[in-house]
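Colleague:
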Amino acid sequence: MLKKKIIFLIGPTAVGKSAIAIHLAKKINAEIISCDSMQVYNSMDIVTSQPGCAQKKKLKHHLLGVIKPAKEYNVARYRKDALSICGKLFSKGKLPLFVGGAGLYYSVIIDGIFPSSPENKLIRARLYKQLSLKGNKYLYGKLSKVDPLSAKKIHPNDARRIIRALEVYMEAGLPISVLQKSRVGLGNEYEIKVFALNTNRQVLYDKINQRVDKMFNSGLVNEVRSLLNHKLSKTALCAIGVRELEGYFNGRYTLDEARRLIQRNSRRYAKRQLTWFRKDKRIEWINIRDKETAGEVAKRIWKKLF
RNA sequence: GCCGAGAUAGCUCAGUGGUAGAGCGCGGCCCUGAAAAGGCCGGCGUGGGGGGUCCGAUUCCCUCUCUCGGCA
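Quick note on numbering: this note's numbering labels position 224 of the first sequence as 371, and the sequence is numbered without any gaps.
1) Look at the alpha carbon of residue 430 and the alpha carbon of residue 205, and state the distance between them as a whole number of angstroms.
2) In chain order, which alpha helix (DSSP H) runs of at least 4 residues are fully inside the segment 197-231?
3) Which whole-angstrom value is the C-beta distance of residue 285 and residue 303, which I expect to be below 8 Å?
4) Helix or strand or just coil, what does DSSP make of residue 243?
5) For residue 170, which residues of its own chain have a beta-carbon under 7 Å away from its beta-carbon, when the five flanking residues on both sides are left out?
6) Cα separation between residue 253 and residue 369?
7) Checking 8 Å against the spacing of the C-beta atoms, do residue 341 and residue 157 come in under that value?
8) Report the residue ranges of all alpha helix (DSSP H) runs contained in full by the segment 229-310; include only those spanning at least 4 residues, in chain order.
9) Taking 6 Å as the limit between beta carbons, can you name the residues of its chain near residue 154, skipping five residues before and five after?
10) Mind checking which residues open and close the alpha helix (DSSP H) that includes residue 347?
11) Rank 263, 159, 177 by C-alpha distance to the C-alpha of residue 235 and give the top, closest one.
12) In chain order, what residues of the same chain have a beta carbon less than 7 Å from the beta carbon of residue 330, not counting five sequence neighbours either side?
13) Grab me the residues of residue 226's own chain with a C-beta within less than 7 Å of its C-beta, minus the 5 sequence neighbours each way, in chain order.
14) Say the cut is 7 Å; is the CB of residue 317 nearer than that to a heavy atom of the ligand GTP?
15) Taking one C-beta from the segment 379-391 and one from the segment 201-220 each time, how about it: are there three or more such pairs within less than 8 Å?
16) In this structure, does DSSP put residue 155 in helix, strand or coil?
17) Taking residue 445 as part of the alpha helix (DSSP H), name the residues at either end of that continuous run.
18) Relative to the alpha-carbon of residue 323, which residue among 214, 294, 424 has its alpha-carbon at the smallest distance?
19) Answer with buried or exposed for residue 115, where buried requires no fewer than 16 other C-beta atoms within 10 angstroms of its C-beta.
20) Can you tell me which of the three DSSP states residue 400 falls into?
21) Which same chain residues, not among the five before or five after residue 421, have their C-beta less than 8 Å away from its C-beta?
22) Excluding the 5 residues flanking residue 409 on each side, which residues of the same chain have their C-beta closer than 7 Å to its C-beta?
23) Can you check which of these residues, 229, 237, 239, 373, is closest to residue 246 by C-alpha distance?
24) What residue range does the beta strand (DSSP E) around residue 180 cover?
25) Please look up how many angstroms separate the CB atoms of residue 417 and residue 351, rounded, as I've assumed it's under 8 Å.
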């Protein structure tokens, strides 16, 4: 019995995933499921550099611009949403093609997520209060007592993870390090193919810088200005470009400085993405050659599929 | 041509008679409900060339080259 196939096309920001994905999807009768934590939002088309209408028309894209910026979104929701779409695609006889650069989102689809309760606002608020009052060492000490395994893994300065670990412990009564062991991936049920795109670092950085310039030319400033006029969830607020422009709106620095910061933060993001993907041995790397078109790259990937 | 200032990490610069630091940039890494987030680690660089003083010079002196500013 042949296993059903799921394909991933991942890679750092601005490397050219979207265009290649469309070529590939057409060849293999697939639909695209976005694997991105920010492109789920609507009204943020320019900052998140979502595939434009033209591209969306060519091919069905899922989980693109489906959430209002006032709403929070997270990995667990993503997993639920994405897997449900995945099932629907199979029943239609289509292949799912996951495309994006969010390492954690990718990992949670392919390797699963440990069962736990969602964020508990009350507990979390209390922990953050303790953090500001007594400092991270205090919380770290607390974690060391209830979950030494996690404490060993988490750096004492990584307040966010310390708090999450404590929250889970308080909520579930079990250490997060124990719960994390139980996760069920897709590997048994499906045949998984993962391709990651990459280019020479300097070329990638040039592409990133140029893309940011393009964003400015297509109205980035106005988009973010009107975005900031409404309530923004803490997750939507994290999109690169929002905070950087906020500083400009507040008169803390010039527009050129905002541009510089957006470019720099995007470069650093790409670097972190590559670090994340590098250690994953299931990935087959596709190095985009000089002057190679999206169609040509898609063809190379396609040949590796069958 | 003359006067002055400078030449130190990829960039901008600090400092010291006992072979050098900071910011930015950059590189590596961690990652399970905020992940475009959050956290950790990383600086031997002919101290412009040559000569001198000194036990010892990047630091003092001389000279050359170059850069910048001013005067002609």
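Cβ coordinates follow ideal geometry from the N, Cα and C atoms, glycine included.
Only a predicted model underlies this, so the values are computations on that prediction, with no experimental measurement involved.
Modeller: Quick answer:
1) 27 Å
2) 200-205
3) Incorrect: roughly 10 Å between the Cβ atoms, too far for contact.
4) Of the three classes helix, strand and coil, the one that applies to residue 243 here is strand, per DSSP.
5) 441, 442, 445
6) 31 Å
7) yes
8) 250-258, 268-281, 283-293, 295-300
9) 244, 340, listed in sequence order.
10) Taken as a continuous stretch (DSSP letters only), residue 347 belongs to no alpha helix (DSSP H), as it is neither H nor E.
11) 177
12) 258, 259, 260, 261
13) 255, 256, 260
14) Ligands displayed in this structure: none; no statement on the ligand GTP is therefore possible.
15) yes
16) Correct three-state label for residue 155: strand.
17) 441-452
18) Nearest option by C-alpha distance: 294.
19) The chain is shown from 148 up to 453; residue 115 falls before or after that span and cannot be answered.
20) The three-state secondary structure of residue 400, taken from DSSP, is coil.
21) 159, 345
22) 359, 387, 388, 391
23) 229
24) 177-181
25) 6 Å
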